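Asks: This note's numbering numbers the first residue of the sequence shown as 2 and each following residue consecutively.
The following block contains the structure, expressed as structure tokens.
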Amino acid sequence: MLMTSWKSWRFALCGVMLLVACGEAPRDNPLDPLSPKPETRGELRVRVQSFYPPYTPLPEVTLLLTPGNVYLRTNAEGSATFSNLAPDAYTLRTDHAGYAVDSSVIEIHARQTSEHTFRLNALPRLTNTTIYSEHISRWFPLNRDLYRLVLAAQVIDADGAQDIVRVHARSPNHGELGALAFRAETNRYEFILSTTETSLQDFLGEPFTLEARDREAATASSAPFALSRIIETTPAAETPSAFTTTAARPRFKWKNLILPYYFTFRLDISQFSPEQQFATLFESIHNIHADSSAYAAPRDLPEGTYYWTVSIVDRQGNVSRSKEATFQVQ
2 MLMTSWKSWR FALCGVMLLV ACGEAPRDNP LDPLSPKPET RGELRVRVQS
52 FYPPYTPLPE VTLLLTPGNV YLRTNAEGSA TFSNLAPDAY TLRTDHAGYA
102 VDSSVIEIHA RQTSEHTFRL NALPRLTNTT IYSEHISRWF PLNRDLYRLV
152 LAAQVIDADG AQDIVRVHAR SPNHGELGAL AFRAETNRYE FILSTTETSL
202 QDFLGEPFTL EARDREAATA SSAPFALSRI IETTPAAETP SAFTTTAARP
252 RFKWKNLILP YYFTFRLDIS QFSPEQQFAT LFESIHNIHA DSSAYAAPRD
302 LPEGTYYWTV SIVDRQGNVS RSKEATFQVQ
């Protein structure tokens with residue numbers, strides 16, 4: 002009996018000593034809320050895509066997360082992850098060349114991954130902007146010179162050409178001139194102001210700008226550009242003319258000119274269509290040297306009725322065109 006009590010007492014004593022030696026079990030799991038150092042951080046996964054389906058990923062987009070001013074760039078899949086974030090409300094902002102800036106406020110929670118997707122609107126972009134004058138002498142429909150002011154540009158939008166809703170021109174003195182129309186044959190937008198007066202002189206040297214707007218009301222403007230010259234001198238087409246009959250490859254002659262600036266000649270040959278009662282451009286030869294006063298047709302002309310014109314063209318694209326000279330090929 003005494004021996005049994007001694008064994009029980011010894012067993013209890015060992016248990017007490019073990020507890021004293023080991024103490025309370027450690028709480029070093031960072032996900033344990035009773036841990037002395039619990040994990041309170043979260044993360045944010047961001048995707049950046051194009052504005053319209055099929056939502057193409059956009060790489061190399063700069064992302065700014067505040068507070069903290071943390072910068073990241075999206076990878077090839079258009080994704081980026083902000084890690085080790087304290088729970089808080091953050092502002093996330095995008096910055097990418099050619100796209101509208103976007104931003105959003107995002108809540109970060111402890112031990113959670115938040116996700117956010119941006120779909121960025123591509124900005125319209127104006128390229129190859131140009132302005133020039135055209136002085137057109139003519140026999141028909143009126144024996145009266147025509148003057149035209151032409152403004153043109155190509156407009157590019159990464160969201161597609163259908164995203165462009167308006168392109169218009171303006172100047173400081175004349176205000177808004179009007180909308181440019183898209184011409185599929187030249188793949189550019191054009192605005193043409195026509196007059197039978199020499200009032201285009203009012204536009205010389207005046208700075209013009211073009212502005213493009215997309216469906217999301219994002220806009221882009223061109224740098225200012227100005228009309229440099231109106232060519233008043235008109236070349237004169239000499240032969241063939243007056244419906245004379247020529248061979249299939251006629252030689253065109255015009256009066257030589259001397260002007261105080263660089264220019265070249267342009268030769269345009271148009272063929273009449275008896276069925277439709279109008280002429281269509283058959284051949285246009287550019288960059289004929291200013292010393293020239295004749296040029297042979299570069300290829301045989303089919304039988305028919307034609308007219309041709311010769312034009313002065315300066316470095317800026319300003320044009321002065323002769324009256325039409327008619328001939329026939331038989």
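All residues carry an ideal CB built from backbone N, CA and C; glycine is no exception.
None of the values given here were measured: they were computed from a predicted structure.
Check whether the Cβ atoms of residue 201 and residue 134 lie closer than 8 Å to each other.
Replies: By 1-based counting over the sequence shown, the position of residue 201 is 200. By 1-based counting over the sequence shown, the position of residue 134 is 133. Yes, Cβ-Cβ distance for residue 201 and residue 134 is below 8 Å.
Asks: With contact counted as at least three CB pairs below 8 Å, one residue from each stretch, are the stretch 153-165 and the stretch 224-235 in contact?
Replies: At 8 Å Cβ cutoff, the stretches do not touch.
Asks: Grab me the residues of residue 174's own chain with a C-beta within less than 7 Å of its C-beta, minus the 5 sequence neighbours each way, in chain order.
Replies: Locating residue 174 in the sequence shown gives position 173, counting from the first residue. These residues qualify, in order along the chain: 207.
Asks: Where does residue 274 fall in DSSP's three states?
Replies: Position 273 of the sequence shown, counting from 1, holds the residue named residue 274. Residue 274: strand per DSSP, three-state reduction.
Asks: Please report how far the alpha carbon of residue 236 lies from the alpha carbon of residue 125, in whole angstroms.
Replies: On the sequence shown, position 235 is the one that residue 236 refers to. On the sequence shown, position 124 is the one that residue 125 refers to. Straight-line Cα distance between these residues: approximately 40 Å.
Asks: Can you give, in chain order, each stretch of the beta strand (DSSP E) that sits fully within the stretch 280-317 and has at least 3 residues?
Replies: List check, beta strand (DSSP E) in window: 295-297, 305-315.
Asks: Exposed or buried, residue 136, counting other C-beta atoms within 10 Å across all chains shown (16 or more means buried)?
Replies: Mapped onto the sequence shown, residue 136 falls at position 135. Buried, by the Cβ-count rule.
Asks: Where are the beta strand (DSSP E) runs, 3 residues long or more, that stay fully inside the stretch 200-252, in chain order?
Replies: Entirely contained in the stretch 200-252, the beta strand (DSSP E) runs reaching 3 residues are, in chain order, 208-215, 220-222, 238-240, 245-247.
Asks: Let me know if residue 241 comes out buried or exposed under the rule of 16 or more other beta-carbons within 10 Å of its beta-carbon.
Replies: Position 240 of the sequence shown, counting from 1, holds the residue named residue 241. So residue 241 counts as buried.
Asks: Find out if the Cβ-Cβ distance for the pair residue 322, residue 310 is shorter than 8 Å.
Replies: Translated into positions along the sequence shown, residue 322 becomes position 321. Translated into positions along the sequence shown, residue 310 becomes position 309. Yes.
Asks: Between the alpha carbons of residue 320 and residue 220, how many angstroms are there, rounded?
Replies: Looking up residue 320 in the sequence shown gives position 319. Looking up residue 220 in the sequence shown gives position 219. In a straight line, the C-alpha of residue 320 is about 32 Å away from that of residue 220.
Asks: Following the continuous beta strand (DSSP E) through residue 138, name the residue where it begins and the one where it ends.
Replies: As a position in the sequence shown, residue 138 is number 137, starting the count at 1. Counting along the chain, residue 138 falls outside any beta strand (DSSP E), and DSSP gives it neither H nor E.
Asks: Return the CA-CA distance between residue 197 and residue 150, expressed in angstroms with no decimal places.
Replies: Counting from one through the sequence shown, the residue named residue 197 turns up at place 196. Counting from one through the sequence shown, the residue named residue 150 turns up at place 149. So the two alpha carbons sit approximately 12 Å from each other.
Asks: Output needed for residue 83: all residues of its chain with C-beta closer than 7 Å, excluding positions within five of it in sequence on either side, in chain order.
Replies: Residue 83 sits at position 82 when you count from the first residue of the sequence shown. Excluding residues within five positions, the ones whose Cβ falls inside 7 Å are 44, 45, 66, 71, 73.
Asks: Going by other Cβ atoms of all chains shown within 10 Å of its Cβ, with 16 needed for buried, is residue 193 buried or exposed?
Replies: Residue mapping note: residue 193 aligns to position 192 of the sequence shown, counting from 1. When all chains shown are included, residue 193 counts as exposed.
Asks: Kindly list the residues whose CB is nearer than 8 Å to the CB of residue 279, restricted to its own chain and excluding five residues on each side of it in sequence; keep chain order.
Replies: Locating residue 279 in the sequence shown gives position 278, where the first residue counts as 1. Only 273 meet the Cβ criterion.
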